[in-house]
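Written below as structure tokens is the structure these notes are about.
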Amino acid sequence: MAHLVSAAFVRNRGLFLPGLRAVREMSSQGGPTPPFSTLSISHPASMITHVELYRPEKRNAMNRAFWSEMVECFSQIAVDAECRVVVVSGAGKIFTAGIDLMDMSSDFIQPVGDDSARTSWNLRRLIAKYQETFSVIEKCPKPVVVAVHGACIGGGVDLITACDIRLCTQDAWFQVKEVDIGLAADVGTLQRLPSVIGSRSLVNELALTARKMYSDEAKTCGLVSRVFPDKEAMLAGALELAGEIAARSPVAVQGTKINLIYSRDHSVADSLDYMATWNMSMLQTQDVLKSAQAAIEKKSPKEVPFSKL
């Protein structure tokens, strides 16, 4: 993969920025974007939103603010007509060290409650709240491309398994760390990783031993779809991939994501029925006619001006 986004990616209608400038903007954010304190939000190209985990001095560890800010961020993105694709990455030397134990430990060591039943109810509410931090990524109708460099530990694995497309650098490694701190992973890894990898044996091994998985194994088992030599090349690849998706009909793209997730959790028969119900309205979009006309005229979908959704 070249270190720059390909020239073909720069649309003649000005849809996307030149590759080098866009990648530099993605990798050189000045700090968190207000009102967020743990996230930096930018728009490196038209219709693409970049969400950067931004606590580099803390190895992007997930503190209390992070868990609520991710929900707020992706809830906004879900209804933002200016966004068609999201790229998620981490600032600094690694993607994320996972949960910030120093900041979060009191929530679990000293949960609130007058007795065991009330304590349990409050703890359950807290866990459900933290689960939503990553479920909101999956619920977002916009495809999410995550770009991992360096370490991706604990909560980082929960995060990336909720994303749609996973990329990493050669120096990346992944670790389901929770058993090493005395708990079972409870915000998504144990539920999503089996579907992502497809090997129950490997998932069990990773979750029960907390061993590290390096980029070559991550590619082989399907955790990531591409491996890049370094962070700059990876961000360029992520931006190019996001641009390819953003150039397509948002009706088609968002419908595809929603139905892929539905089919993962339902039978083929139920999924086909849901798809028929979905497309009985979605097929009436002008995007179908525009795309068909472009195909007849031997034009790329990137040359079709699809309306915002």
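Position one of the sequence shown corresponds to residue 2 (our numbering), numbered consecutively onward.
Note that beta-carbon positions come from the ideal geometry of N, C-alpha and C, so glycine has one too.
Please report the straight-line C-alpha distance between residue i and residue j, rounded to a whole angstrom.
i, j, result
"residue 12", "residue 303", "Bear in mind that a pLDDT of 35 at residue 12, under 50, signals an unreliable position, so the model cannot answer this."
"residue 72", "residue 257", "22 Å"
"residue 128", "residue 188", "7 Å"
"residue 123", "residue 40", "27 Å"
"residue 51", "residue 209", "33 Å"
"residue 259", "residue 163", "13 Å"
"residue 295", "residue 276", "25 Å"
"residue 186", "residue 45", "34 Å"
"residue 216", "residue 297", "42 Å"
"residue 198", "residue 247", "26 Å"
"residue 132", "residue 299", "45 Å"
"residue 310", "residue 173", "35 Å"
"residue 253", "residue 290", "12 Å"
"residue 220", "residue 117", "44 Å"
"residue 195", "residue 179", "16 Å"
"residue 34", "residue 146", "20 Å"
"residue 47", "residue 120", "47 Å"
"residue 37", "residue 70", "6 Å"
"residue 190", "residue 225", "15 Å"
"residue 286", "residue 280", "10 Å"
"residue 125", "residue 306", "47 Å"
"residue 243", "residue 200", "28 Å"
"residue 230", "residue 171", "5 Å"
"residue 202", "residue 192", "14 Å"
"residue 54", "residue 63", "9 Å"
"residue 228", "residue 113", "44 Å"
Candidates the options: which alpha carbon is nearest residue i's?
i, options, result
"residue 250", "76, 82 and 77", "82"
"residue 278", "309, 263, 190 and 85", "263"
"residue 150", "57, 253, 296 and 116", "57"
"residue 181", "196, 207, 299 and 91", "207"
"residue 102", "229, 59 and 200", "59"
"residue 43", "69, 64, 62 and 92", "92"
"residue 142", "79, 275 and 111", "79"
"residue 177", "97, 268 and 130", "97"
"residue 144", "154, 130, 156 and 167", "167"
"residue 245", "38, 87 and 65", "87"
"residue 95", "157, 106 and 77", "157"
"residue 292", "281, 308 and 282", "308"
"residue 155", "212, 230 and 195", "212"
"residue 161", "301, 223 and 237", "223"
"residue 76", "138, 99 and 126", "138"
"residue 288", "255, 148, 236 and 112", "255"
"residue 107", "126, 234, 243 and 65", "65"
"residue 169", "202, 268, 265 and 214", "214"
"residue 68", "148, 240, 104 and 205", "104"
"residue 136", "153, 283 and 159", "159"
"residue 99", "53, 130, 115 and 152", "152"
"residue 89", "267, 130, 274 and 238", "238"
Based on the DSSP output, what are the partners of residue i in its beta bridges?
i, result
"residue 135", "Note: residue 135 sits in no beta bridge, so no partner."
"residue 49", "46 and 86"
"residue 227", "168"
"residue 63", "100"
"residue 214", "175"
"residue 1", "What the structure shows of the chain is the stretch from 2 to 310, and residue 1 is not part of that stretch, so it cannot be assessed."
Assign residue i to one of three DSSP states: helix, strand, or coil.
i, result
"residue 176", "strand"
"residue 207", "helix"
"residue 263", "helix"
"residue 8", "Any answer about residue 8 is weak, because its pLDDT of 33 lies below 50 and its placement is not dependable; what the coordinates show is given next. Helix, per DSSP."
"residue 272", "helix"
"residue 250", "coil"
"residue 302", "helix"
"residue 34", "coil"
"residue 3", "Caution is warranted here: a pLDDT of 32 is assigned to residue 3, below 50, making its placement in the model unreliable, and no coordinate value can be reported."
"residue 187", "coil"
"residue 285", "coil"
"residue 200", "coil"
"residue 308", "coil"
Verify the contact flag: residue i, CB atom, against every heavy atom of the ligand COA, threshold strictly below 7 Å.
i, result
"residue 253", "Looking at this structure, you won't find the ligand COA or any other ligand, since it has none at all."
In chain order, which continuous runs of the alpha helix (DSSP H) of length 4 or greater are located wholly inside the region 137-170? 156-162
Quick one: which unbroken alpha helix (DSSP H) runs of 4-plus residues sit fully inside the region 68-138? Chain order, please. 102-110
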